[in-house]
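Enquirer:
In my numbering, the protein residues as written are 1282 to 1525.
Structural data, given as structure tokens:
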């Protein structure tokens, strides 16, 4: 049976093994610079990889919120220039119009009430402010490399907890966002070490039976013994704006 996900227990492993997606970081950075965003908020920031890197790259006023105290303890130590607050996405505590840009990366499927999250994000954005939701499509989930290759059992539970892209777009429109658009980015890399997977730093690996996890890990490590394993990480970026 699947094992409950304990993010407090996983915080240190996340910080050590989870890195930013280069193409996602590049797109977020370019958007902040091109649109002169000065007040940036990340929802579901975890240990702060993205918001911390963006603060260093842009020197903007940055905030991150996350429901995990353990994740935020690490984030505060790593990124002292960023303001971190405990909270959930659907309960953003901020003044109306106090943010230029709101984004989340691989976090929207953890939000309990997604329509309310988009309404909250719309409220805190200033007129003309923007949102970016970075997530996985159904096609991406089904073809993840290496996750879906070595752990095909993870596909069904992942599809069950991720929201379809058309539904996310509909919720964004219902919240008032305009100029919706989407793009897909990818990053190909060679995997040399099974440690991130062995430590289950990807929550999908906690959604499958331990027998399936061990079986996939053995296959991955057998292939790694013969050389690097080619991987591709892809994301969908959903963009929207608050009307001016």
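Even for Gly, the Cβ is constructed at its ideal location relative to N, Cα and C. Nothing here was measured: the structure is a model prediction, and the numbers come from that model.
1) Going by C-alpha distance, which of 1406, 1496, 1329 and 1359 is nearest residue 1428?
2) Does DSSP put residue 1460 in a helix, in a strand, or in coil?
3) Per DSSP, which residues does residue 1385 bridge with? Please list them.
4) I'd like the span of the beta strand (DSSP E) that includes residue 1342, first residue to last.
5) On a CA-only basis, which of 1482, 1486 and 1372 is nearest residue 1395? Give me that one, please.
6) Do you know how far the Cα of residue 1422 is from the Cα of residue 1514?
7) So what does DSSP say about residue 1516, is it helix, strand or coil?
8) Cα-Cα, which of 1374, 1521 and 1407 is closest to residue 1381?
9) Going by Cα to Cα distance, which pick from 1419, 1339, 1325 and 1507 is closest to residue 1356?
10) So, with DSSP's three-state summary, where would you put residue 1501?
11) With distances taken from CA atoms, which of 1488, 1506, 1348 and 1365 is nearest residue 1441?
12) Skipping 5 residues on each side, what residues in its chain have a beta carbon closer than 7 Å to that of residue 1479?
13) In whole angstroms, give me the CA-to-CA distance for residue 1317 and residue 1308.
14) Under the rule that 16 or more other beta-carbon atoms within 10 Å means buried, what is residue 1300, buried or exposed?
15) Is the stretch 1340-1354 in contact with the stretch 1397-1417, if contact means three or more CB pairs nearer than 8 Å?
16) Would you kindly work out how many angstroms separate the C-alpha atoms of residue 1476 and residue 1493, rounded to a whole number?
17) Answer yes or no: do residue 1472 and residue 1511 have a C-beta to C-beta separation smaller than 9 Å?
18) Relative to the C-alpha of residue 1519, which residue among 1424, 1425 and 1399 is closest?
19) Does the beta-carbon distance from residue 1304 to residue 1516 come in below 9 Å?
20) Using only CA atoms, which one of 1455, 1446 and 1370 lies nearest to residue 1420?
21) Under 8 Å Cβ to Cβ from residue 1453, same chain only, skipping five residues before and after it: list those, please.
22) Taking just the CA atoms, how far does residue 1343 sit from residue 1362?
Expert: The answer reads as follows:
1) Position 147 of the chain shown, counting from 1, holds the residue named residue 1428. Relative to residue 1428, the option among 1406, 1496, 1329 and 1359 whose CA is nearest is 1496.
2) Within the chain shown, residue 1460 is the residue found at index 179, counting from 1. In this structure, DSSP gives residue 1460 an extended state, which the three-state scheme calls strand.
3) Numbered from 1 along the chain shown, position 104 holds the residue referred to as residue 1385. Answer by DSSP bridge pairing, in chain order: 1414.
4) Along the chain shown, one-based indexing puts residue 1342 at 61. Per DSSP, the unbroken beta strand (DSSP E) holding residue 1342 starts and ends at 1342-1347.
5) Position 114 of the chain shown, counting from 1, holds the residue named residue 1395. If we check each option's Cα against that of residue 1395, 1372 comes out closest.
6) Locating residue 1514 in the chain shown gives position 233, where the first residue counts as 1. Locating residue 1422 in the chain shown gives position 141, where the first residue counts as 1. Taking the straight line from one Cα to the other gives about 10 Å.
7) Locating residue 1516 in the chain shown gives position 235, where the first residue counts as 1. When DSSP states are grouped into helix, strand and coil, residue 1516 belongs to the strand group.
8) Your numbering for residue 1381 matches position 100 in the chain shown. Residue 1381 has its Cα closest to that of 1407, out of 1374, 1521 and 1407.
9) Here residue 1356 corresponds to residue number 75 of the chain shown, with the count starting at 1. The residue with the shortest Cα to Cα distance from residue 1356 is 1325.
10) As a position in the chain shown, residue 1501 is number 220, starting the count at 1. Secondary structure at residue 1501: helix, using DSSP grouped into helix, strand and coil.
11) Working through the chain shown from its first residue, we reach residue 1441 at position 160. It is 1488 whose Cα lies nearest to the Cα of residue 1441.
12) For the purposes of this step, residue 1479 is taken as the residue at position 198 of the chain shown. The residues are 1498.
13) Counted from its first residue, the chain shown places residue 1317 at position 36. Counted from its first residue, the chain shown places residue 1308 at position 27. Between the C-alpha atoms of residue 1317 and residue 1308 there is a straight-line separation of about 14 Å.
14) Here residue 1300 refers to the residue found at position 19 of the chain shown. By the neighbour-count criterion, in which 16 or more other beta carbons inside 10 Å mark a residue as buried, residue 1300 falls on the exposed side.
15) Contact between the stretch 1340-1354 and the stretch 1397-1417 is absent, with fewer than three C-beta pairs closer than 8 Å.
16) The residue given as residue 1476 occupies position 195 in the chain shown. The residue given as residue 1493 occupies position 212 in the chain shown. So the two alpha carbons sit approximately 17 Å from each other.
17) Residue 1472 sits at position 191 when you count from the first residue of the chain shown. Residue 1511 sits at position 230 when you count from the first residue of the chain shown. Against a cut-off of 9 Å, the Cβ pair of residue 1511 and residue 1472 comes out as a contact.
18) Taking the first residue of the chain shown as position 1, residue 1519 is located at position 238. Taking residue 1519 as reference, the option from 1424, 1425 and 1399 with the minimal CA-CA separation is 1399.
19) Taking the chain shown and counting its residues from 1, the one referred to as residue 1304 is at position 23. Taking the chain shown and counting its residues from 1, the one referred to as residue 1516 is at position 235. At the C-beta level, residue 1304 and residue 1516 come within 9 Å of one another.
20) Looking up residue 1420 in the chain shown gives position 139. Closest option to residue 1420, Cα to Cα, is 1446.
21) Position 172 of the chain shown, counted from the first residue, corresponds to residue 1453. Only 1399, 1412, 1414, 1461, 1519 and 1521 meet the Cβ criterion.
22) On the chain shown, residue 1362 is found 81 positions in, with the first residue counted as 1. On the chain shown, residue 1343 is found 62 positions in, with the first residue counted as 1. Rounded to the nearest whole angstrom, the CA to CA distance from residue 1362 to residue 1343 is 8 Å.
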